[in-house]
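Q: Residue numbers (our numbering), protein chains in the order written: chain G, 1 to 99; chain S, 1001 to 1255. Quick reminder that beta carbons are idealized off the backbone N, C-alpha and C, glycines included. All values derive from a computational prediction rather than experimental measurement. My questions all concern the structure below.
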Amino acid sequence: MSPDAYLSLASILFAIGAAGVLLRRNAIIAFMSIELMLNAANLAFVTAARAWGNLDGQVVAFFVMVVAAAEVVVGLAIIMTIFRSRQSTSVDETSLLRW
Amino acid sequence: MTFLFWILATLSVIGGLGMLLSRKAVHSALWLALTMMCLAVLYVAQSAVFLGTVQVIVYTGAVMMLFLFVLMLIGVSAADSLRESIRGQRPVAVLVAVALGATLIAAVGNALDFSVGLQAANAEYGGNVQGLAALMFGRYLIAFEATAALLITAALGATILAHRERLFPRQDQRTRSVERFRSGVHPGQRPSPGVYARHNAVDVPALLPDGSAVPDSIPGPLRARGTVREIDATATEEVLDRLVGGAASDTGGER
C-alpha cells in the first residue's frame, strides 16, 4: 500500500481526535482524543520511516509514545485531583480562572 | 497487503468515531482500544515490528487500563452533559474538524508518493530491534536520557498529585463510639413498628404503655413520604376489651 493512503488515514484519525477535543465536555474523553491524535502522528512517523527507508521516524514515534505515557500519568492525576475537589470531570466546571 | 490496509483503516476510523460519539466514557475507552490495536497491526505491516509490539503493550495495555482505572474510580455512570455551553459551538467544531481533516489530506496526503522500503535499513544491524537500538543508543542517546528524567518526573508528579494530607486524626471504632454516646442522641436501635392483633405493618407506629404512639418506630423513608398510618383508636379499644375481657373470663373460669 502506498504511503499516501497511510498518511490520509493518519489525517482522518487526527481530525477525529481534534473533533473529540472540541466537542466532548468530559475531561477524560477529551484526553482520550488527545491520545488518538498522538497515535495518528505516530502512524505518520512510521509511514515516513518506511517511505524514506531509514529508522529515524520509528525512533521519534517511540519517543512520542514515552511522552504520551508520561502525559497520561500526570493528566489523569490532575483529573483525579479536580474530581476530588469538585465531584465532576466536566471541563465546563473548571472555570474558576476565567476572567 | 492492500486488503489488510483497507480492513484495518475502516476499523480504526470506526473506532475513532465510536470514541467520539459514545455517550459513556467506558465505551469511548473500548472504542479507542480497538483503534490502537488496528494501528499496532498497521505498524507491523509497515515493518515496524518493535513499535507494533510496544503499541500493544504501552497503549492498549498500560494507557487504556489506566484510563479505565480512573473511570472506575470516578464513577462509570458519569455521562457527558449534552448541554451546549457556548452557543453554536458544536456545528462550528464539526466544521473545523472536517476542514482540518480535508486540509491535512490535501497537504500531507500526497507528500510521499514514493516508498524506499525498510528492508535495507532493517537488515543493516540484523533486524528492526537492533537497528532501533543502534539509533537510540547512538545518535539519540541524549534524548533517550532525557526520557528517563521525564518518566521519573511524571511518576513523582503523579505521586504528589494523588497524595492527600490527613487533616483530622484517624477515626477508629472507639472514638466513634465515644462520639455517639456524647452527642446525646439515643444510641441504641429504634423501637420496632407496631404489631397488633389488627395490624402487622411497618407503617403503624408502636404504642407506649400509656397508649400514645412512638413516631420514631416508623422507618424514616415512610415518615418522609407521609404514609404513616394513624392508629385506629376504636380498633385498639376493641382489641383491648377483648384481651382484658377474655383474660378476666379465663381467670374467672379457673377460679
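Would you say V1116 of chain S reaches chain G, if we count a Cβ-Cβ gap shorter than 7 angstroms as a contact?
A: Yes, V1116 of chain S counts as interfacial toward chain G.
Q: Go ahead and pull the three-state DSSP assignment for N26 of chain G.
A: In this structure, N26 of chain G counts as strand in the three-state DSSP scheme.
Q: What does A41 of chain G touch in chain S if you count any residue whose Cβ is under 7 angstroms from its own?
A: Within 7 angstroms Cβ-Cβ: nothing; A41 of chain G doesn't reach chain S, min ~11 angstroms.
Q: Identify every residue that forms a DSSP beta bridge with V1214 of chain S.
A: Bridge partners of V1214 of chain S: S:A1206.
Q: Counting along the chain, where does the alpha helix (DSSP H) carrying G1101 of chain S start and finish?
A: Note, G1101 of chain S: alpha helix (DSSP H), Q1089 to V1108.
Q: Tell me the residue span of the alpha helix (DSSP H) that contains Q1130 of chain S.
A: Looking at the DSSP string, the run of the alpha helix (DSSP H) that includes Q1130 of chain S is N1128 to M1136.
Q: Name the two residues that bound the continuous alpha helix (DSSP H) containing R1190 of chain S.
A: Segment: none, R1190 of chain S is in no alpha helix (DSSP H) and carries neither H nor E.
Q: Quick one: which chain G residues come within Cβ less than 9 angstroms of F1067 of chain S?
A: Within chain G, the residues near F1067 of chain S are I28, F31, M32, E35, V72 and L76.
Q: By the 10 Å Cβ neighbour count, where 16 or more other Cβ atoms means buried, how is Q1119 of chain S classified, buried or exposed?
A: Exposed is the call here.
Q: Which residues, in chain order, does the stretch 83-96 of chain G contribute to contact with chain S at a C-beta distance below 7 angstroms?
A: Residues F83, T89, S90 and D92.
Q: Measuring straight from C-alpha to C-alpha, what distance separates W1006 of chain S and R1164 of chain S?
A: Cα to Cα, W1006 of chain S sits roughly 49 angstroms from R1164 of chain S.
Q: With a Cβ-Cβ cutoff of 7 angstroms, do D92 of chain G and N1110 of chain S count as a contact?
A: No. Outside cutoff.
Q: Which partner residues of S95 of chain G appear in the DSSP bridge assignment?
A: In DSSP, S95 of chain G forms no bridge with anything.
Q: Which whole-angstrom value is the C-beta distance of I1157 of chain S and V74 of chain G, which I expect to be below 8 angstroms?
A: Reading off the sequence, residue 1157 of chain S comes out as Gly, not Ile. Going by Cβ atoms, the distance from G1157 of chain S to V74 of chain G rounds to 5 angstroms, so yes, they are a contact pair.
Q: Would you check if the distance between the CB atom of L1011 of chain S and the CB atom of C1038 of chain S is smaller than 7 angstroms?
A: Yes, these two residues count as a Cβ contact at 7 angstroms.
Q: Evaluate E1124 of chain S with the Cβ neighbour count: other Cβ atoms within 10 Å of its Cβ, from every protein chain shown; 16 or more gives buried, anything less gives exposed.
A: Exposed: under 16 other Cβ atoms inside 10 Å.
Q: Tell me where the alpha helix (DSSP H) around T1002 of chain S begins and ends.
A: Here the alpha helix (DSSP H) through T1002 of chain S covers T1002 to L1021.
Q: Pick helix, strand or coil for S90 of chain G, following the three-state DSSP scheme.
A: The answer is strand: DSSP assigns S90 of chain G an E or B state.
Q: State the start and end residues of the unbroken alpha helix (DSSP H) segment that holds N1122 of chain S.
A: Start and end: Q1119 to E1124.
Q: Just the Cα atoms here: how many angstroms apart are T1147 of chain S and M1072 of chain S?
A: Going by the C-alpha atoms only, they are around 30 angstroms apart.
Q: Within 10 angstroms of its Cβ, does G1253 of chain S collect 16 or more other Cβ (buried), or is it exposed?
A: In this prediction, G1253 of chain S scores a pLDDT of 42, lower than 50, which makes its location untrustworthy; the coordinate-derived value is nonetheless stated afterwards. Its Cβ having fewer than 16 others within 10 Å, G1253 of chain S is exposed.
Q: Once you ignore the five residues that flank L38 of chain G on each side, which residues in its own chain have a CB closer than 7 angstroms to its CB?
A: V64 and A68, listed in sequence order.
Q: Would the stretch 1128-1143 of chain S and the stretch 22-39 of chain G be scored as touching if the rule is three or more Cβ pairs under 8 angstroms?
A: Because the criterion of three Cβ pairs below 8 angstroms is not met, the stretch 1128-1143 of chain S and the stretch 22-39 of chain G do not touch.
Q: So, do the stretch 1051-1059 of chain S and the stretch 6-19 of chain G have three or more beta carbon pairs nearer to each other than 8 angstroms?
A: Because the criterion of three Cβ pairs below 8 angstroms is not met, the stretch 1051-1059 of chain S and the stretch 6-19 of chain G do not touch.
Q: Report all residues from its chain with a CB closer than 8 angstroms to the CB of R24 of chain G; omit the five preceding and five following residues, and keep chain order.
A: So the list reads A30 and S33, once near-sequence residues are dropped.
Q: Which residue from G:S85, G:I82 and G:S90 puts its Cα closest to that of S1085 of chain S?
A: Of G:S85, G:I82 and G:S90, the residue nearest in Cα terms is G:S90.
Q: Count the other CB atoms within 10 Å of the CB of L1004 of chain S; is the residue buried (16 or more) or exposed (fewer)?
A: So L1004 of chain S counts as exposed.
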